[in-house]
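There are 2 protein chains.
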Amino acid sequence: MIHVNPHYQKLQASYLFADIAQRVRAFQQRRPDAELIRLGIGDVTEPLPPACIQALHAAVDELTRASSFRGYGPEQGYDFLREAIARHDFQARGAPIAADEIFVSDGAKCDVGNFQELFATDIRVAIPDPVYPVYVDTNVMAGRTGAAMQDRYEGLAYLPCTAENGYVPQLPDAPVDLVYLCSPNNPTGATMTRAQLQAWVDYARAYRALILFDAAYEAFIRDDGLPHSIYEIPGAREVAVEFRSYSKTAGFTGVRCAYAVVPRDCMAWQADGKAVSLHALWNRRHTTRFNGVSYPVQRAAEAVYSPEGRQQVRALTDGYLRNAATIRAGFQAMGLPCTGGDNSPYIWVDTGRDAWEFFGLLLDKAAVVCTPGAGFGRCGRRHVRISAFNSQANVEAAMQRIAQALA
Amino acid sequence: MIHVNPHYQKLQASYLFADIAQRVRAFQQRRPDAELIRLGIGDVTEPLPPACIQALHAAVDELTRASSFRGYGPEQGYDFLREAIARHDFQARGAPIAADEIFVSDGAKCDVGNFQELFATDIRVAIPDPVYPVYVDTNVMAGRTGAAMQDRYEGLAYLPCTAENGYVPQLPDAPVDLVYLCSPNNPTGATMTRAQLQAWVDYARAYRALILFDAAYEAFIRDDGLPHSIYEIPGAREVAVEFRSYSKTAGFTGVRCAYAVVPRDCMAWQADGKAVSLHALWNRRHTTRFNGVSYPVQRAAEAVYSPEGRQQVRALTDGYLRNAATIRAGFQAMGLPCTGGDNSPYIWVDTGRDAWEFFGLLLDKAAVVCTPGAGFGRCGRRHVRISAFNSQANVEAAMQRIAQALA
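If you're matching them up, the sequences are chains A and B in order.
Residues 1 to 407 in the UniProt record's numbering are what the first sequence lists, from first letter to last.
Residues 1 to 407 in the UniProt record's numbering are what the second sequence lists, from first letter to last.
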């Protein structure tokens, strides 16, 4: 008899965004006339940068002729892309990362979900609260937690992120082996300073822990003092893996390209204490279970680093950051405390009431979709995440409607 | 201290195709003048069908305007593609599969590697020998085997496929819970008849086992009596998951699109005997760990089902099948027994000697790359897999060179 993975039974309810989609559909059936504005899931709305469009067309044309046709590429990604990434995203910022330490993939969600497979099931995992649910759910599925107790899983070390600590996870009281960090943060929009990241790197080195650093929103950093990559921090190459994505940077949510950085210095340990290269382990996993990213898509990602591409991506992210400033200012004017929104497309609003109740209020009274913070963890029970990914006109309209609804 | 997944240490050597690539590189350094012909890895060589090219360009153009821009799509794939698949690939053949039972993905390698995550680690897994290594390696990584003993893993039930049984896996002596089947087969090119598949479906129903049916080479079937889908077999909806791919059909190895079929009737069991829907379980996995296939790529896959697309794909596969016939006839003329090559792009040649030795011989004497059967399992120790994925001219040249080399 074929038995299921027993850990799946521990998973709570359905996935956050599916819940939201269901409630929005119900609202649309009740109010088919309402013009909905979505500031929820964090999907981009603006067209792809022209440099990427051009690269896509050119690459597709290469596939029309046997002489320039490309079939299977390297599972890790083409050198043209890995080299552009290493040069522009890391070396240009003084972060010592080589092209062969880059693993191109079809999404940071996949990478961040897959990476935990490399580790034993009995390691102790630290998860910020609030948090992107994928970090938690993939560890539940893998059997690294006990049962769910209300809104938390037994066996996970939760790192509360609240107004008191500026929404930045603090070092844990008891030793942990694997730590998920995200800066600029999803969902809070908070950013980690160099000193805060250094403290985590020092911690990981002292305890032989590993940091999974999610930098999917790096392109929104405007403050020159903030690190863009964890590899700007001395010692990080030994204890950190970094995840990046073109989804929010260049509008690739529907095009699909991302990458993971696994430095050759990065080690984990066998039960007998022998060091194992995470680069080798991830390479084995990646080549066995993945077949590379679509060739035209890799060319589009390469175009992000061209002079035109960089300018166009900057204009895109500047636009979303203007929206973020509008949202932040709007909620603050209503007397609701906010974090994020300056180096991040997300604004984390302390609503002063139950998050799903506030979500329902915005939906019913303003026809605006936000994301209830409760879906990201216990510490989000009074918060909502507002996303700046929409047109300027929609964001301004949404903020006017919200102001009226809350007046 | 961060401990690694101990099961990765059991994995033998490196991945088959990486080994081959290394030997080929060494040969090219020794003989930089040699014009290599690759009949090895099974990568396609002919350009994409024009219908797919046109669909790609059109979809890319949609991404240039906010009004037609598409960001995140449904993780399971767009309805336009799922409906085309259900209609053309299944319903048209009398296989009762609905659009919402299709899960679009970026590769059959990923699907077939990921699917085992849904099951408990102590299930008993049956694997044909020879076999596509991904079935084995992903179960090793998940901890479903013991250590490797020479060329096999403890705890797996191997199903030998030899000349005696026509290279078709027979029902096992002891009960198994999960069975991997592939028809037309990679690597042997053998196909399973309706009666053979029915026997497996009946077995799975009797033992509450599950069949993972890999039909990535279905488009090469020309014999009207052979089933294209396991769902043509009565009862299969309850006990089988099927994997398909556009890689070999429409030349998508570098474009990346595939799908899995998980019927709503398909069940697995909790330890307490309660039935669990595999459709629901896979949907949870897919939405948590995957973010959908690139939108232009899904449009290209849809175009495979247009009247032009179907004609163009037929012409492509016809061409490769002509090559296969040439290869098969060539080896048979040399007195080497073959299977496959009529409803399959692969020819499995019984070389009468050690497979890696024969691989080295073809490389050194004919500058032709094949795949040593030993890389697919113990039963392939005397075989090589020859792939028909190349131009007609190259295949003819390769067969001439091989005939000379072996003369």
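Note that beta-carbon positions come from the ideal geometry of N, C-alpha and C, so glycine has one too.
* Simplified DSSP state of residue 226 of chain A, which is helix, strand or coil -> When DSSP states are grouped into helix, strand and coil, residue 226 of chain A belongs to the coil group.
* Asked: Which stretch, first to last residue, makes up the alpha helix (DSSP H) that contains residue 242 of chain A?
  -> Residue 242 of chain A -> not in any alpha helix (DSSP H); beta strand (DSSP E) instead, spanning 240 to 245.
* Does residue 238 of chain B get closer than 8 Å to chain A when you measure Cβ to Cβ? -> Interface flag for residue 238 of chain B against chain A is unset, since no Cβ pair is found closer than 8 Å.
* Check the Cβ-Cβ distances between residue 110 of chain B and every residue of chain A, and say whether any is below 8 Å. => Interface criterion met: the Cβ of residue 110 of chain B is under 8 Å from a Cβ in chain A.
* According to DSSP, residues forming a beta bridge with residue 182 of chain B -> Looking at the DSSP assignment, residue 182 of chain B forms a beta bridge with B/214.
* At what residues does the alpha helix (DSSP H) containing residue 340 of chain B begin and finish? -> Per DSSP, residue 340 of chain B is not a residue of any alpha helix (DSSP H); the beta strand (DSSP E) it occupies stretches across 338 to 340.
* Asked: Mind checking if residue 180 of chain B is an interface residue toward chain A, Cβ cutoff 8 Å exclusive?
  -> So no, residue 180 of chain B is outside the interface.
* Let me know if residue 192 of chain B comes out buried or exposed under the rule of 16 or more other beta-carbons within 10 Å of its beta-carbon. => Answer is buried; the Cβ neighbour count reaches 16.
* Asked: Are the region 71 to 84 of chain B and the region 340 to 353 of chain B in contact at 8 Å, needing three or more beta carbon pairs?
  -> No: the two stretches stay apart, fewer than three of their Cβ pairs being nearer than 8 Å.
* Between which two residues does the beta strand (DSSP E) carrying residue 102 of chain A extend? -> Residues 102 to 105.
* Burial state of residue 267 of chain B (16 or more Cβ within 10 Å) -> Around the C-beta of residue 267 of chain B, 16 or more other C-beta atoms lie within 10 Å, and the residue is accordingly described as buried.
* To do: Keeping to the same chain, check which residues put their C-beta closer than 7 Å to that of residue 135 of chain A; ignore five residues upstream and five downstream.
  => For residue 135 of chain A, where only same-chain residues beyond five positions count, the Cβ hits under 7 Å are 112, 127 and 180.
* Asked: What's the gap between the Cα of residue 22 of chain B and the Cα of residue 258 of chain B?
  -> So the alpha carbons of these two residues sit roughly 28 Å apart.
* Can the beta-carbon of residue 24 of chain B be found closer than 8 Å to that of residue 369 of chain B? -> The answer is yes: Cβ separation under 8 Å.
* Asked: Taking Cβ-Cβ distances shorter than 9 Å, what residues in chain A pair up with residue 65 of chain B?
  -> The contacting residues are 47.
* Asked: Can residue 382 of chain A and residue 355 of chain A be called in contact, C-beta distance under 8 Å?
  -> Yes, Cβ-Cβ distance for residue 382 of chain A and residue 355 of chain A is below 8 Å.
* **Run of the beta strand (DSSP E) containing residue 286 of chain A, from where it starts to where it stops** => Note, residue 286 of chain A: premise wrong, no beta strand (DSSP E); alpha helix (DSSP H) at 278 to 289.
* To do: Note down the Cα distance separating residue 72 of chain A from residue 215 of chain A, rounded to an integer number of angstroms.
  => Going from the Cα of residue 72 of chain A to the Cα of residue 215 of chain A covers about 28 Å.
* Residue from A/114, A/17 and A/78 with nearest C-alpha to residue 99 of chain A -> Closest by alpha carbon: A/78.
* To do: Following the continuous alpha helix (DSSP H) through residue 353 of chain B, name the residue where it begins and the one where it ends.
  => Unbroken run through residue 353 of chain B: none, as it is neither H nor E.
* Asked: What do you reckon, are the CB atoms on residue 153 of chain A and residue 140 of chain A nearer than 8 Å?
  -> Between residue 153 of chain A and residue 140 of chain A, the CB-CB gap stays under 8 Å.
* Top-ranked residue by Cα proximity to residue 299 of chain A, from A/50, A/2 and A/13 -> Selected option, being the one with the closest Cα: A/50.
* To do: Compare the C-beta of residue 1 of chain A against all C-beta atoms of chain B and say whether one is closer than 8 Å.
  => Interface residue, yes.
* Asked: If we count Cβ pairs, one from each stretch, closer than 8 Å, do we get three or more for the region 47 to 63 of chain B versus the region 37 to 57 of chain A?
  -> Yes, the region 47 to 63 of chain B touches the region 37 to 57 of chain A.
* Counting only the same chain and skipping the five closest in sequence on each side, list residues whose C-beta sits under 6 Å from that of residue 244 of chain B. => Same-chain partners within the cutoff: 215 and 259.
* Run the CB neighbour count on residue 43 of chain A, radius 10 Å, all protein chains shown included, and call it buried at 16 or more, exposed below. => Buried, because 16 or more other Cβ atoms sit within 10 Å of the Cβ of residue 43 of chain A.
* Asked: How should residue 67 of chain A be labelled, buried or exposed, when 16 other C-beta atoms within 10 angstroms of its C-beta is the threshold for buried?
  -> Around the beta-carbon of residue 67 of chain A, fewer than 16 other beta-carbon atoms lie within 10 Å, marking it exposed.
* Opposing strand residues paired with residue 129 of chain A [DSSP bridges] -> Residue 129 of chain A pairs with A/160.
* Note down, in chain order, all residues in the region 89 to 116 of chain A with a beta-carbon under 8 Å from any beta-carbon belonging to chain B. => Result list: 106, 107, 109, 110, 113 and 114.
* Hey, out of B/38, B/228 and B/327, whose CA is closest to residue 341 of chain B's CA? -> Measuring from the Cα of residue 341 of chain B, the nearest candidate turns out to be B/327.
* To do: Throw me the rounded Cβ distance for the residue 178 of chain B and residue 2 of chain A pair, which I believe falls under 8 Å.
  => Going by Cβ atoms, the distance from residue 178 of chain B to residue 2 of chain A rounds to 6 Å, so yes, they are a contact pair.
* Asked: Short check: CB of residue 281 of chain B to CB of residue 384 of chain A, under 8 Å?
  -> Contact flag unset, no.
* Nearest candidate by alpha-carbon position, reference residue 95 of chain B, set B/263, B/380, B/314 and B/376 -> Minimum Cα distance to residue 95 of chain B is reached at B/263.
* Residues bridged to residue 269 of chain A [DSSP beta-bridge criterion] -> Paired residues: A/275 and B/3.
* Asked: residue 37 of chain B versus chain A: which residues are under 9 Å apart at the beta carbon?
  -> By Cβ distance, chain A contributes nothing, its closest Cβ being about 14 Å from residue 37 of chain B, past 9 Å.
* To do: Report the neighbours of residue 271 of chain A on chain B: residues whose CB is nearer than 7 Å to its CB, in chain order.
  => Around residue 271 of chain A, the beta-carbon contacts reaching into chain B at under 7 Å are 3 and 6.
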